[in-house]
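If you read the sequence shown in numbering that gives the first Met the number 0, its first letter stands for residue 0, the second for the next number, and so on. Think of the CB as a built atom: it goes at the ideal place given N, C-alpha and C, for glycine as much as any other residue. These numbers come from a predicted model, not from an experiment. Reading through the structure tokens given below for one structure.
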Amino acid sequence: MMPSGMNSGNPFRFGSLALDEAFTDREEERAELVSDIRNGQDVVIFAPRRLGKSSLAWSAIQSLSAEGVLVAQVDLMTTPTKERLASALAKTIFEQIASPLERAKERALAPFRSLLVQPTITLDPQDGSLSFSFALGRTAADIDATLERLLQLPAELGGARRRRTALVLDEFQEIVEIDPRLPNLLRAIFQQQPEVAHVYLGSRRHVMERIFNDSNAPFWRSAKLVELGAIDPAPFEAFLVDRFQATNRGLGTGVVASLLARTGGHPYATQELAYALWEQTPAEGEATPERLEDALAAVLRSEHAHFSLLWEEVSPVQRLVLQALAKEPGHPFKAEYRSRHALPPATNVQKALAALERREVVAGENGAYRIVEPFLAEWLSP
Numbered sequence: 000m001m002p003s004g005m006n007s008g009n010p011f012r013f014g015s016l017a018l019d020e021a022f023t024d025r026e027e028e029r030a031e032l033v034s035d036i037r038n039g040q041d042v043v044i045f046a047p048r049r050l051g052k053s054s055l056a057w058s059a060i061q062s063l064s065a066e067g068v069l070v071a072q073v074d075l076m077t078t079p080t081k082e083r084l085a086s087a088l089a090k091t092i093f094e095q096i097a098s099p100l101e102r103a104k105e106r107a108l109a110p111f112r113s114l115l116v117q118p119t120i121t122l123d124p125q126d127g128s129l130s131f132s133f134a135l136g137r138t139a140a141d142i143d144a145t146l147e148r149l150l151q152l153p154a155e156l157g158g159a160r161r162r163r164t165a166l167v168l169d170e171f172q173e174i175v176e177i178d179p180r181l182p183n184l185l186r187a188i189f190q191q192q193p194e195v196a197h198v199y200l201g202s203r204r205h206v207m208e209r210i211f212n213d214s215n216a217p218f219w220r221s222a223k224l225v226e227l228g229a230i231d232p233a234p235f236e237a238f239l240v241d242r243f244q245a246t247n248r249g250l251g252t253g254v255v256a257s258l259l260a261r262t263g264g265h266p267y268a269t270q271e272l273a274y275a276l277w278e279q280t281p282a283e284g285e286a287t288p289e290r291l292e293d294a295l296a297a298v299l300r301s302e303h304a305h306f307s308l309l310w311e312e313v314s315p316v317q318r319l320v321l322q323a324l325a326k327e328p329g330h331p332f333k334a335e336y337r338s339r340h341a342l343p344p345a346t347n348v349q350k351a352l353a354a355l356e357r358r359e360v361v362a363g364e365n366g367a368y369r370i371v372e373p374f375l376a377e378w379l380s381p
């Protein structure tokens with residue numbers, strides 16, 4: 000059923016989590032993730048940013064929460080220090096696990112009173128929510144002991160009430176930036192929690208593979224690996240047509256095929272271009288090829304500042320490589336490719352590609368490379 004008010008507003012969403020009606024396809028992946036969490040299976044999901052891994056996880060969490068599963072979630076991109084990580088863990092464990100188990104707030108707070116480093120707990124007078132903060136200046140050993148205790152709480156709290164629990168760690172590759180020793184601490188705790196499903200989301204593939212695929216790393220072969228790709232055109236086409244029709248606009252087969260060819264099934268890019276196309280299409284009107292071109296121009300204008308900043312930050316050789324890949328995704332190391340695009344020697348190209356991969360601007364597989372963001376390639380094209 001379409002939510003109330005959808006007919007009067009743009010039905011597409013980008014820039015935030017795609018939930019409910021905005022969540023597109025991924026039904027098989029969602030069902031599999033729900034089943035894995037329900038079974039206590041640890042899972043790694045990695046994909047470049049904007050490919051929908053966080054939306055997939057949150058959609059699964061919505062389904063599981065309705066079943067009574069307790070799920071705590073932390074975005075490690077927002078926790079650059081161990082103190083910040085402890086604060087985020089305490090808050091999500093209190094809100095998503097302790098409070099649902101204990102109606103009285105004081106009883107829900109009881110587990111946090113036993114932490115070695117006591118948090119400062121602040122009440123927000125507007126919405127009544129609590130925030131936790133851990134002061135700087137304590138020894139690293141004290142903070143590590145506090146983190147260890149916090150990470151033990153989901154298993155203890157859920158186990159006491161025989162409730163399945165899960166801990167979702169978004170942008171997990173940042174764990175090594177917070178402290179290179181943290182993976183060892185987390186693994187030592189998590190391997191003793193078979194009743195808790197640990198879900199690790201990551202966007203930097205080379206770091207995630209080093210964490211989970213290196214035989215010398217603590218997380219080696221510790222979780223099921225799932226790599227998200229673009230969404231297949233057929234279900235995405237049905238989603239787009241349905242959203243247009245539900246808001247009194249038409250979207251023909253030819254136009255939707257052109258739209259998906261431009262985005263390659265990239266979830267964020269498709270939602271963004273569909274949003275712009277919907278804005279170009281009047282009520283009771285039809286999306287046309289001309290309106291699609293106008294929508295693409297609007298998207299490129301909105302992304303111009305982002306792409307310009309990226310362009311300013313990359314080296315001259317990286318610029319040459321990006322311009323070549325915008326024209327022709329492929330094998331930049333091969334002599335004929337470098338000759339066609341006037342690229343420097345292979346060693347220079349290799350360094351440029353490695354730097355661009357670290358920035359998640361390009362992705363490579365079996366020697367073939369492509370630009371990750373569809374509109375960056377459009378922006379670079381003359």
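Between the CA atoms of residue j and residue i - distance to the nearest angstrom
{"i": "SER113", "j": "SER53", "result": "32 Å"}
{"i": "ARG163", "j": "VAL316", "result": "51 Å"}
{"i": "VAL195", "j": "ARG49", "result": "27 Å"}
{"i": "GLU356", "j": "PHE93", "result": "38 Å"}
{"i": "LEU295", "j": "ALA187", "result": "49 Å"}
{"i": "GLY4", "j": "LEU319", "result": "In this prediction, GLY4 scores a pLDDT of 41, lower than 50, which makes its location untrustworthy; no coordinate-derived value is stated."}
{"i": "ALA21", "j": "PRO10", "result": "At ALA21 the pLDDT is 47, less than 50, meaning the model places this residue with poor confidence; the figure from the coordinates comes in the next sentence. Whole-angstrom Cα-Cα distance: 7 Å."}
{"i": "ASN386", "j": "ALA325", "result": "The displayed coordinates of the chain run from 0 to 381. Any statement about residue 386 would go beyond what the structure contains."}
{"i": "ALA245", "j": "LEU309", "result": "37 Å"}
{"i": "SER314", "j": "ALA354", "result": "9 Å"}
{"i": "ARG161", "j": "PRO234", "result": "38 Å"}
{"i": "GLN349", "j": "PHE189", "result": "38 Å"}
{"i": "ILE210", "j": "LEU352", "result": "21 Å"}
{"i": "ALA103", "j": "GLU283", "result": "53 Å"}
{"i": "LEU135", "j": "ALA237", "result": "52 Å"}
{"i": "ARG242", "j": "GLU26", "result": "17 Å"}
{"i": "ASP126", "j": "ARG106", "result": "20 Å"}
{"i": "PRO193", "j": "GLN40", "result": "8 Å"}
Under 7 Å between C-beta atoms of residue i and residue j
{"i": "GLN172", "j": "ARG203", "result": "yes"}
{"i": "GLY51", "j": "PRO266", "result": "yes"}
{"i": "LEU271", "j": "VAL298", "result": "Checking the sequence, you will find Glu at residue 271 rather than Leu. Yes, Cβ-Cβ distance for GLU271 and VAL298 is below 7 Å."}
{"i": "VAL198", "j": "VAL167", "result": "yes"}
{"i": "PRO232", "j": "ASN183", "result": "no"}
{"i": "LEU115", "j": "ALA144", "result": "yes"}
{"i": "LEU239", "j": "ALA273", "result": "yes"}
{"i": "PHE332", "j": "ALA323", "result": "no"}
{"i": "ALA59", "j": "ARG29", "result": "yes"}
{"i": "VAL33", "j": "SER62", "result": "yes"}
{"i": "GLY366", "j": "HIS330", "result": "yes"}
{"i": "ALA387", "j": "PHE131", "result": "This structure cannot settle anything about residue 387, because the visible part of the chain is limited to 0 through 381."}
{"i": "VAL361", "j": "TYR368", "result": "yes"}
{"i": "PRO118", "j": "PHE133", "result": "yes"}
{"i": "ALA56", "j": "LEU181", "result": "no"}
Proximity winner among the options, relative to residue i (alpha-carbon distances)
{"i": "ASP396", "options": "GLU302, ALA85, THR280, HIS305", "result": "Since the first residue shown for the chain is 0 and the last is 381, residue 396 is missing from the structure and cannot be characterised."}
{"i": "ASP178", "options": "GLN191, LEU146, GLN192", "result": "LEU146"}
{"i": "GLU388", "options": "SER380, HIS303, ALA159, ILE36", "result": "Outside the displayed span of the chain (0 to 381) sits residue 388, for which this structure offers no information."}
{"i": "ARG261", "options": "ARG242, GLU285, LEU291", "result": "LEU291"}
{"i": "ALA46", "options": "VAL371, TRP378, ASN212", "result": "VAL371"}
{"i": "ALA398", "options": "LEU375, GLU208, GLN40", "result": "Any property of residue 398 remains undetermined from this structure, which presents the chain solely from 0 to 381."}
{"i": "LEU185", "options": "GLU289, HIS205, TRP219", "result": "TRP219"}
{"i": "GLN157", "options": "GLN95, TRP378, ASP141, ASN215", "result": "According to the sequence displayed, residue 157 carries Gly and not Gln. For the residues GLN95, TRP378, ASP141, ASN215, the minimum Cα distance to GLY157 belongs to GLN95."}
Where residue i falls: helix, strand or coil (DSSP)
{"i": "GLY157", "result": "helix"}
{"i": "LEU342", "result": "coil"}
{"i": "THR246", "result": "coil"}
{"i": "ILE36", "result": "helix"}
{"i": "THR121", "result": "strand"}
{"i": "ARG186", "result": "helix"}
{"i": "ASP213", "result": "coil"}
{"i": "VAL68", "result": "coil"}
Q) If we count Cβ pairs, one from each stretch, closer than 8 Å, do we get three or more for the segment 62 to 81 versus the segment 148 to 166? A) Because the criterion of three Cβ pairs below 8 Å is met, the segment 62 to 81 and the segment 148 to 166 touch.
**Q.** the segment 329 to 336 touching the segment 226 to 234, judged by at least three CB pairs closer than 8 Å
**A.** Contact fails: fewer than three Cβ-Cβ distances are below 8 Å.
Q.
I'd like to know if the segment 249 to 257 and the segment 74 to 83 are in contact, where contact means that at least 3 CB-CB pairs between them fall below 8 Å.
A. No, because fewer than three Cβ pairs between the segment 249 to 257 and the segment 74 to 83 fall closer than 8 Å, the two stretches do not touch.
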